[in-house]
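Novice: Got a structure here, written out as structure tokens. Questions coming.
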Amino acid sequence: MPFGAGSGVCGAVLPDERTVVVDSKRMLDFRVDEDAPVVHAGAGVLGLTLEERLAKQGYTAGHFPSSIVCSTVGGWVAARGAGQCSSRYGKIEDMVAGLDCVLGTGDFVRMRRRRSGPDLVPLMTGSEGTLGFITQVTLRLHPAPRARRFLSYSCTSIESGFDILRTLMQAGLRPEVARLYDPIDSVLLSQSSDAKKSPKNTSSSVGHLFGIAARRALAHPRWLQRTIEALEGNLLGGATLLLIFEGEAAEANQDAERAALVCARASARSLGEGPARRWLAHRYGVSFRQSSSFRLGAFTDTMEVAAPWSKLEAVYEGVRRALSEHALVMAHLSHAYPDGCGLYFTFAALGAQAGDGPARYDAAWRAGLGAALAAGANLSHHHGVGRSKALRLAAELGQGTELLNRLRRAWDPESMFNPGALEAPFAVLPSVPRDQRPAFTVDATSRLAEVDARLSLGAVEALLSRHGLTLALTGEVDWSRSVAAWLAAGFPGAKDVWADPVSARVAGFEASAGGVQARVRSAPRRATGPDLMALFAGAQGAVGEVERATLVVTERGAAEPRLEPFRWDRDPPLAAAEARAFALARRALGAS
């Protein structure tokens, strides 16, 4: 069992008497290549150590999870995690330029990201200790920011905050931090980030009363939730939005001014710099504030999912309604993208004193996650699957779970690495035959287009133009090529993924390989095992073919995000070890 620093929360690490735990924390390689720039870091380098050493050389990787003091580079990649700055730098999968690993076959493989050829890196990223052992990671670097601008707002409602975030991201702005707290979480934010407020302050007084009520009423979460919801927008106030822009001083100032205009048009009330500055000063403190709840005999946990913008409100309301039957629930958004956003729910209830803690806890998870999936969210944005969510994995991937099982048999034929994690039962989900479904549908709010992959690029572009949208392809594009062939060729003409790591190309897809029909639901980002798109994108049809794809599109004439140079080979030659690993996977997946 590969082990980093133990900060995972989904049961991915569960050794028994047969298990040999291999601690990675002596894998401490650290070398910066300033030409690209990238850092080659051992899997056991702790996150905070990595950033402190990079800062001394004028760089940042841009990955700042709340667990940065107790998580490793290898763990980040294995879990497919996200940091607090994902709306500027992307998730960890958007940062990994390459990695070294030892597969269950005993083969050492140095994997490199590539555009038009087998790209195995996304298959190890998110593997959660299965498939093999990650020993070193190559991460893309950025110049350390020279300036920051802080903005804080009170939004009229959480839904107004959704619209502000969506507008910012689709306008090409990339805030270092973008966090939106619902009214309940806003009260806790104000209490935890500003202990020096006067007791006479209304928000402080409300927060104090809220804390007393919470301690007395956690045993009756439904009553408490309904009471608090009745106060939202009046005594409790609205939702709180925190924005931080960084970079060169002129860049940060310009982006902050553009964001301020968007907030003003949405009637958001400025709170000044203070709340955002206080959040940054205590950015890692939330993980250390749960012990008081445990001392009360309560449980507390978090559930994070992601969804397209058009489904976000339904997910928020549905999960809050379902969870509130079992626990007090609050939410915030902290990972925004052009096509959607992550939602982070925190829930708590008394259980130990009533003697039904485990039962209530399990019921809360079943209800909340079921409501999220039913409303159109995915299974996980960045915490992963492990064992705790494995039974739901088919809802996210369809028969793609069988592709994961076959990949595992190819690279770890003896099931040596972390048995029990990411193991999901095979499931056949109901579906409508391909020819009975519309060939093209558009979600203009989320900037998504679901297309039959037999359509030509020209046909898709013409249909998008009716909605003021575009694929934004450049250069010599073969517009007669089918979407399936375009994906298999590695998206020729599409924007370089390194130019804007926050914007994805495909949000979801359906594909066939070896008699298996994978169906990956649409989401801006996910942490639900390896990225199965890597079996098809750029693979020239060697494994299978994409049949439907939900493409991320842009508004015609939309402003482009500010780009940073990255001097890295987009198509390195396929090394012999990579070719062998790909051949093993191809045979196991049943490719002809």
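So for the sequence shown, the numbering used here puts the first residue at 57; every next one is plus one. Glycine included, C-beta positions come from ideal geometry on N, C-alpha and C. Bear in mind the structure is a predicted one, so any value in this text is a computation, not a measurement.
Which term fits L317, buried or exposed, when burial requires 16 or more other beta carbons within 10 angstroms of its beta carbon?
Specialist: Your numbering for residue 317 matches position 261 in the sequence shown. Exposed.
Novice: At which residue ranges does the stretch 484 to 569 contain complete beta strand (DSSP E) runs of 3 or more residues, listed in the order of the chain?
Specialist: Here the runs fully enclosed are 496 to 499, 504 to 508, 562 to 569.
Novice: Do you know how far the Cα of T497 is from the Cα of G531?
Specialist: Mapped onto the sequence shown, residue 531 falls at position 475. Mapped onto the sequence shown, residue 497 falls at position 441. For G531 and T497, the distance between alpha carbons rounds to 26 Å.
Novice: From T75 to T186, what does the alpha carbon distance come to, in whole angstroms?
Specialist: Residue mapping note: residue 75 aligns to position 19 of the sequence shown, counting from 1. Residue mapping note: residue 186 aligns to position 130 of the sequence shown, counting from 1. About 13 Å.
Novice: What span of residues does the alpha helix (DSSP H) with E107 cover, start to end?
Specialist: Here residue 107 refers to the residue found at position 51 when the sequence shown is read from its first residue. Taken as a continuous stretch (DSSP letters only), the alpha helix (DSSP H) holding E107 covers 103 to 112.
Novice: Where does the unbroken beta strand (DSSP E) through R166 begin, and where does it stop?
Specialist: The count along the sequence shown starts at 1 and reaches residue 166 at position 110. That run of the beta strand (DSSP E) goes 164 to 168.
Novice: Looking only at its chain, what residues have a beta carbon closer than 6 Å to the beta carbon of A251, apart from the 5 residues adjacent to it on each side?
Specialist: Here residue 251 is taken as the residue at index 195 of the sequence shown, counted from 1. With a pLDDT of 47 at A251, under the threshold of 50, the predicted position of this residue should be treated as unreliable, and no value is reported.
Novice: Just the Cα atoms here: how many angstroms apart are D89 and L197?
Specialist: On the sequence shown, position 33 is the one that residue 89 refers to. On the sequence shown, position 141 is the one that residue 197 refers to. If you take the alpha carbons of D89 and L197, they lie about 9 Å apart.
Novice: Return the CA-CA distance between R522 and A500, expressed in angstroms with no decimal places.
Specialist: As a working mapping, residue 522 is identified with position 466 in the sequence shown. As a working mapping, residue 500 is identified with position 444 in the sequence shown. Computed Cα separation, rounded: 11 Å.
Novice: In three-state DSSP terms, what is E620?
Specialist: Locating residue 620 in the sequence shown gives position 564, where the first residue counts as 1. The answer is coil: DSSP assigns E620 none of H, G, I, E or B.
Novice: Confirm, please, whether the CB-CB distance from W335 to L245 is below 9 Å.
Specialist: Position 189 of the sequence shown, counted from the first residue, corresponds to residue 245. Position 279 of the sequence shown, counted from the first residue, corresponds to residue 335. The answer is yes: Cβ separation under 9 Å.
Novice: Please return the same chain residues whose Cβ sits closer than 7 Å to the Cβ of V572, not counting the five positions on each side in sequence.
Specialist: One-based indexing of the sequence shown puts residue 572 at position 516. Within the same chain, V572 has close Cβ partners Q455, E458, L459.
Novice: Mind checking who D89 pairs with in its DSSP beta bridge?
Specialist: As a first step, residue 89 is located in the sequence shown; it is residue number 33 there, counting from the start. Looking at the DSSP assignment, D89 forms a beta bridge with V94.
Novice: May I ask you to report which of helix, strand or coil DSSP gives R128?
Specialist: Taking the sequence shown and counting its residues from 1, the one referred to as residue 128 is at position 72. Position check: residue 128 holds Thr in this sequence, whereas Arg was assumed. DSSP places T128 in strand when its eight states are reduced to three.
Novice: Pull up the distance between the alpha-carbon of L70 and that of S436, whole angstroms please.
Specialist: Locating residue 70 in the sequence shown gives position 14, counting from the first residue. Locating residue 436 in the sequence shown gives position 380, counting from the first residue. In a straight line, the C-alpha of L70 is about 20 Å away from that of S436.
Novice: For my contact list, S216 and L327 are in at a C-beta cut-off of 8 Å; report their separation, rounded to the angstrom.
Specialist: The count along the sequence shown starts at 1 and reaches residue 216 at position 160. The count along the sequence shown starts at 1 and reaches residue 327 at position 271. Not confirmed; about 15 Å, so no contact.
Novice: Measure how close the beta-carbons of P580 and D395 come, nearest whole angstrom, since I'm counting them as under 8 Å.
Specialist: The count along the sequence shown starts at 1 and reaches residue 580 at position 524. The count along the sequence shown starts at 1 and reaches residue 395 at position 339. That pair is a contact at about 5 Å.
Novice: If you compare alpha carbons, which of E73, H96, A362, V78 is closest to L84?
Specialist: In the sequence shown, residue 84 corresponds to position 28, counting from 1. Of E73, H96, A362, V78, the residue nearest in Cα terms is H96.
Novice: Roughly how many angstroms lie between the CA atoms of E566 and G182, to the nearest whole one?
Specialist: Translated into the one-based positions of the sequence shown, residue 566 becomes position 510. Translated into the one-based positions of the sequence shown, residue 182 becomes position 126. About 20 Å.
Novice: Quick check on G62: does DSSP put it in helix, strand or coil?
Specialist: Here residue 62 is taken as the residue at index 6 of the sequence shown, counted from 1. Note: G62 maps to coil in three-state DSSP.
Novice: Is it buried or exposed, F350, if we count other Cβ atoms within 10 angstroms and call 16 or more buried?
Specialist: If you number the sequence shown from 1, residue 350 lands on position 294. F350 comes out exposed.
Novice: Is DSSP giving M386 helix, strand or coil here?
Specialist: Sequence index remark: in the sequence shown, residue 386 carries index 330 (1-based). It is a strand residue.
Novice: Can you tell me which of P617, L591, V608 puts its alpha carbon nearest to the alpha carbon of L176?
Specialist: The residue given as residue 176 occupies position 120 in the sequence shown. When each option's Cα is compared against that of L176, the closest is L591.
Novice: Out of curiosity, what's the CA-to-CA distance linking C141 and A322?
Specialist: Position 85 of the sequence shown, counting from 1, holds the residue named residue 141. Position 266 of the sequence shown, counting from 1, holds the residue named residue 322. Going by the C-alpha atoms only, they are around 24 Å apart.
Novice: Would you list the residues sitting across from G440 in a DSSP beta bridge?
Specialist: For the purposes of this step, residue 440 is taken as residue 384 along the sequence shown, with counting starting at 1. Paired residues: none, contrary to the question.
Novice: Which same chain residues, not among the five before or five after L463, have their C-beta less than 6 Å away from its C-beta?
Specialist: Within the sequence shown, the letter at position 407 stands for residue 463. For L463, where only same-chain residues beyond five positions count, the Cβ hits under 6 Å are A641.
Novice: Using the Cα positions of A320 and A569, report the straight-line distance between them to the nearest angstrom.
Specialist: On the sequence shown, position 264 is the one that residue 320 refers to. On the sequence shown, position 513 is the one that residue 569 refers to. Those two C-alpha atoms are separated by around 50 Å.
Novice: Distance check for F164 and M58, CA to CA, integer angstroms please.
Specialist: The sequence position of residue 58 within the sequence shown is 2, counting from 1. The sequence position of residue 164 within the sequence shown is 108, counting from 1. Looking at the sequence provided, one finds Pro at residue 58 rather than Met. Whole-angstrom Cα-Cα distance: 15 Å.
Novice: Is the stretch 422 to 430 close to the stretch 157 to 173, with three or more CB pairs under 8 Å?
Specialist: In short, these stretches do not touch, since the Cβ pair count stays below three.
Novice: Should F120 and R339 be called a contact, given that it needs their Cβ atoms to be closer than 9 Å?
Specialist: Taking the first residue of the sequence shown as position 1, residue 120 is located at position 64. Taking the first residue of the sequence shown as position 1, residue 339 is located at position 283. The answer is yes: Cβ separation under 9 Å.
Novice: Count the other CB atoms, across all protein chains shown, that sit within 10 Å of the CB of S487; report buried if there are 16 or more and exposed otherwise.
Specialist: Reading the sequence shown from its first residue, position 431 is the one you call residue 487. By the 10 Å Cβ count, S487 comes out exposed.
Novice: Report the option in D552, R537, P475, L607 whose CA atom is closest to the CA atom of D72.
Specialist: Counted from its first residue, the sequence shown places residue 72 at position 16. Of D552, R537, P475, L607, the residue nearest in Cα terms is P475.
Novice: Do you know how far the Cα of A635 is from the Cα of A466?
Specialist: As a position in the sequence shown, residue 466 is number 410, starting the count at 1. As a position in the sequence shown, residue 635 is number 579, starting the count at 1. So the two alpha carbons sit approximately 13 Å from each other.
Novice: By the 10 Å Cβ neighbour count, where 16 or more other Cβ atoms means buried, how is L525 classified, buried or exposed?
Specialist: One-based indexing of the sequence shown puts residue 525 at position 469. Buried.
Novice: Start and end of the alpha helix (DSSP H) containing L399?
Specialist: Your numbering for residue 399 matches position 343 in the sequence shown. Per DSSP, L399 belongs to no alpha helix (DSSP H); it is in the beta strand (DSSP E), 396 to 406.
Novice: State buried or exposed for G263, treating a residue as buried only when at least 16 other CB atoms are found within 10 Å of its CB.
Specialist: For the purposes of this step, residue 263 is taken as the residue at position 207 of the sequence shown. With a pLDDT of only 47 at G263, under 50, the local geometry of the prediction cannot be trusted, and the value read off the model is given with reservation. It is buried - the Cβ of G263 has at least 16 other Cβ atoms within 10 Å.
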